[in-house]
Structure formats: structure tokens, C-alpha cells
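In this text, residue positions in the sequence shown follow my numbering: the first is 2, and each later residue adds one.
Accompanying notes for the structure given below.
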Amino acid sequence: MKPASTQRHYGMDWLRIGAFVLLIFYHVGYNFTPWGYQTPTRGAVSWAEIPLLGLSAWRLSLLFAISGYASAALLGKDGSTGAFFRSRLARLGIPLVFGLIVVVPPQPYMGLVNSGYEHGYLYYLIHDAFTFRTVRYEYVPRVMHLWFVVYLLAYTVLFCGLRAILPEALRAKIRVGTEKALAGPMLLPLGIVFVYLVREYLPFGWTDMHSILVDRAAHLHYLAMFLFGFLLRQSDPVRQAIARQWKVAAVLATAGFIWAAGNAYLYPGNIPTPREWQAPLYFAKAVQSWSTIIALFGIADRFWNHDARWRATLAEAVFPVYIAHQTIMVFVSYWLRDKGLTALPEFLLLCSSVAVGSWLFYLIGREIGPLRPLIGLKREKPAKRAKQAEPAFASV
């Protein structure tokens, strides 16, 4: 893999763009599974969970790894831990507050309306939305999909705190030791075993409730992915190991998915997997999770590390689109619920509506200076097609 210590790695940009596009398809598809979701649909589609299993094991881990890679690039640009912390606090914290106050509240409100809530939205905002209590069957306020930004900001604060406290020599030893462990043939086995143990054998058990005070095992997993991405940006040996092993990783990722899909076919929906088959299933998901990340990093470097006309615009749009997409999906889902559509038209309408609505959210917000920081963009509009050596990723 090509060194990427000072220049932008376009392959990582494309990987980030693709990961968030898949996230939208995942959230829309979730409506059609028996796993449960807040939005009403025509009902579960028996096979819908199988393609989603191709994403669920690794999608969040990949996003945190990409965010760690971006953070390393931005730290190199900012030059100091303090400057990096202030820039990340602004770029993540401001849109987080805006999202929690403006973008997210319509989602629980629509759930309340569906359960018989009789008040209008203005009444809800003034009297119920931010009361930290249960209103009918809905606890408010809610974080919803912005939990990812909350966790990413928390990991950034923790990282900056440790970087400020730990001596540079100790940090260097940790980095070198981790690099030696991952830069050889143990890259795949160590990652798989780590994911498997964290997700299945920690004393307090695995939770992924998107609650920052509850998800202790999830924090260990996602924080490790964040730090791995950070290391990858700075480590030529790890990048070279990925370049040598990504094809093997792709085969293992496919095998892990086949096992998980077969289990879903035999035990669909909420039918529990027999106890004797749970451990192999969990291990297959660990194999799929880590191997997919390694495979995608290798593919991004091998095939996608080139610029294109729409790359900069799409890269800038990712964070605003993420902020808006789920609220738009909830509104459209409630509007579609009584239309009598079958699954395919409903799915296509949801996907197209979310894509168009989120894109308009970005297009409008980017042109209004005071709105730009609120949706995760720099206050000043960048020069068009500026050619310069720049660290990867400007937002998430």
C-alpha cells in the first residue's frame, strides 16, 4: 500500500462514502425485518434479514476505523493535541447539539403520534420533548442515530486526554508494540480473536444499546477499531500487511457471511439459534467483522485510490446526509404506511426519498454560511477543486 502520511488517500474517501451509503440502505432495509424498528411498515419480509447480515457484523466497526484514520490525518494537519481537540469539538459537537435539538425530535414525536399522542409538534417541543421522562411509551429526549457522533466525540476526548497524560516515550512503545503484532501473519487471527472475545466473553456481556453508560463491551470494540484506524494512517508496516492479506481476508469474510446467512435461513426472524450452534455463529460473525474491514481497506488502496470529479462533493456531503437521513426516513415511512404498497415499491420509495431529501438538506445547508457549522461543514466554503496535499476526511 502507498504511504499516506501527508497526502490524501482517495481510496479511504471512497470507502467512507460507500460505507455511509450502505448505512442508509441498511436503515431502510431494517424496516422490513422482524428485528424491530420504530417506523411502521407493511410488515416483515421473510428474507430481508439475510442481505442485512452481510452488513451488520462490520458496518459500525468500519465507520469507527475510518474515523480513527481521519483523526490521525487531522491531528497531523493541526499539529498539536490541543488544536486537534478544539477542531474536533467544534466539527462534531456543534452539529451534534443542532441535531439533538432540531433534527432528532421529530422521530420520537412521530412514534408518539402513532401511539395516540394528540398534541401538535409545537406543544410537544415546549412541554415534552426535553423533559427526560417517559411520555406514553416513548422516553424523551432521544439520541437516535446520532449516538454514533456521541461515541466518536467521547473517543476523541478520551484519546486526547490519554495523549496529553501519557509520556511520548510510552506512547511510542505502545504504537511500536501494536504495530509489530499486526504487521505480520497475525493480523487476521489477532483481530478475529479480539472481536470474538470482546463480543462474547467479557464478564459483563455484550450490549449495543447505543447508550454510552451501558455499552461497555461495545465501547471496547469500537474504541479499538477507532485506534486501529488511527494506527493505520501512521503505519507503513500495517498498511503493507493489509496489502498482502486482503485477498485472504475477503475469502474469510465471505465464509463468515455464508455461515451467518445459513443460520438466518434455518432460524429466521426471532427464532433462537440452538445453544450448541451459538458459539460457531458468534465466531463466524467475528471472522466476518474483522476480515471484511481488512479486505475493504485493501480494496480501497488497490483499486479506489484515485480522484474523480464528484469525490470532493460526496466526501463533504457524507456528514450532513447522515445527520438528516433517519428523520426523513421516519416521516416517509409514516406517510407510506397506509398506501397499500407491496415491499419492493415501498423499499424503492423509501430509498429514493431518503436520498433526495438528505441531498437537499446538504445542498441548502452548504450555501448558507451560518448553517454550515450546524450540519458539520466548515464555516467557509472551500475553493473549487483546490489541488493540495490534504489529510483525509474533513468531517466525521
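The C-beta atom is built at its ideal place from N, Cα and C for all residues, glycine as well.
If you're wondering where the values come from, they're calculated on a predicted model, not measured in any experiment.
Legend entry - Bridge partners - Glu201, DSSP secondary structure assignment: Here residue 201 refers to the residue found at position 200 of the sequence shown. Per DSSP, none; premise fails for Glu201.
Inset, instruction - Would you please state the rounded distance, in angstroms, between the beta carbons of Thr274 and Tyr268? I believe it to be under 8 Å. - result: Taking the sequence shown and counting its residues from 1, the one referred to as residue 274 is at position 273. Taking the sequence shown and counting its residues from 1, the one referred to as residue 268 is at position 267. Indeed they touch by this definition, with Cβ atoms about 5 Å apart.
Legend entry - Residues near Ala395 in its chain [Cβ-Cβ closer than 6 Å; skip 5 each side]: On the sequence shown, position 394 is the one that residue 395 refers to. For Ala395, the predicted model reports a pLDDT of 42, less than 50, meaning its position is unreliable and no value from the coordinates is stated.
Inset, instruction - Please name the residue, chosen from Thr208, Pro281, Gln241 and Tyr125, that lies closest to Ala296 on a Cα-to-Cα basis. - result: Here residue 296 refers to the residue found at position 295 when the sequence shown is read from its first residue. Closest by alpha carbon: Gln241.
Inset, instruction - Would you check if the distance between the CB atom of Val355 and the CB atom of Val333 is smaller than 8 Å? - result: Within the sequence shown, the letter at position 354 stands for residue 355. Within the sequence shown, the letter at position 332 stands for residue 333. Yes, the Cβ-Cβ distance between Val355 and Val333 is below 8 Å.
Inset, instruction - Return helix, strand or coil for Glu180, following the three-state DSSP convention. - result: For the purposes of this step, residue 180 is identified with residue 179 of the sequence shown, where counting begins at 1. Of the three classes helix, strand and coil, the one that applies to Glu180 here is helix, per DSSP.
Inset, instruction - Let me know the secondary structure DSSP gives Arg310 once reduced to three states. - result: One-based indexing of the sequence shown puts residue 310 at position 309. Correct three-state label for Arg310: coil.
Inset, instruction - Note down, in chain order, each residue of its chain lying with its Cβ closer than 6 Å to the Cβ of Thr157, except the 5 sequence neighbours on either side. - result: By one-based count along the sequence shown, residue 157 stands at place 156. For Thr157, where only same-chain residues beyond five positions count, the Cβ hits under 6 Å are Arg89.
Inset, instruction - Go to Arg92, then tell me how far its beta strand (DSSP E) extends in each direction, as first and last residue. - result: Position 91 of the sequence shown holds residue 92. No beta strand (DSSP E) contains Arg92, which is instead part of the alpha helix (DSSP H) from Thr82 to Phe99.
Legend entry - Same chain, Cβ closer than 7 Å to Lys271, neighbours up to 5 away in sequence not counted: In the sequence shown, residue 271 corresponds to position 270, counting from 1. One detail in the question is off: residue 271 reads as Asn in this sequence, not Lys. Here the set comprises Pro35.
Inset, instruction - Indicate whether Ala20 and Leu63 have their beta-carbon atoms separated by less than 8 Å. - result: The sequence position of residue 20 within the sequence shown is 19, counting from 1. The sequence position of residue 63 within the sequence shown is 62, counting from 1. Contact flag set, yes.
Inset, instruction - Would you please state the rounded distance, in angstroms, between the beta carbons of Ser68 and Phe227? I believe it to be under 8 Å. - result: Along the sequence shown, one-based indexing puts residue 68 at 67. Along the sequence shown, one-based indexing puts residue 227 at 226. With a Cβ gap of about 6 Å, Ser68 and Phe227 count as contacting.
Legend entry - Given 8 Å, three or more beta-carbon pairs between the stretch 138-154 and the stretch 99-112: yes
Inset, instruction - Using a threshold of 8 Å, state whether the C-beta atoms of Ala250 and Ser292 are closer than that. - result: Numbered from 1 along the sequence shown, position 249 holds the residue referred to as residue 250. Numbered from 1 along the sequence shown, position 291 holds the residue referred to as residue 292. In contact: Ala250 and Ser292 (Cβ atoms closer than 8 Å).
Inset, instruction - Would you identify the three-state DSSP class for Val136, choosing helix, strand or coil? - result: Along the sequence shown, one-based indexing puts residue 136 at 135. Reduced to three states, the DSSP call for Val136 is strand.
Inset, instruction - Count the CB pairs spanning the stretch 12-30 and the stretch 49-64 that are closer than 8 Å, and state whether there are at least three. - result: yes
Legend entry - Spatial distance of Tyr335 from Leu24 (CA atoms): Translated into the one-based positions of the sequence shown, residue 335 becomes position 334. Translated into the one-based positions of the sequence shown, residue 24 becomes position 23. Taking the straight line from one Cα to the other gives about 20 Å.
Inset, instruction - Output the boundary residues of the alpha helix (DSSP H) element that contains His222. - result: In the sequence shown, counting from the first residue as 1, residue 222 sits at position 221. Its alpha helix (DSSP H) spans residues Arg217 to Gln235.
Legend entry - Sequence-distant residues of its chain with Cβ nearer than 6 Å to Tyr363 (five each side left out): Against the sequence shown, residue 363 aligns to sequence position 362. Result list for Tyr363: Ala318, Pro321 and Val322, in chain order.
Legend entry - Where Val141 falls: helix, strand or coil (DSSP): Residue numbering aside, residue 141 sits at position 140 when the sequence shown is read from its first letter. The answer is strand: DSSP assigns Val141 an E or B state.
Inset, instruction - Tell me whether Tyr124 is buried or exposed, calling it buried when 16 or more other Cβ atoms sit within 10 Å of its Cβ. - result: For the purposes of this step, residue 124 is taken as the residue at position 123 of the sequence shown. The residue in question, Tyr124, is exposed, as its Cβ has fewer than 16 Cβ neighbours within 10 Å.
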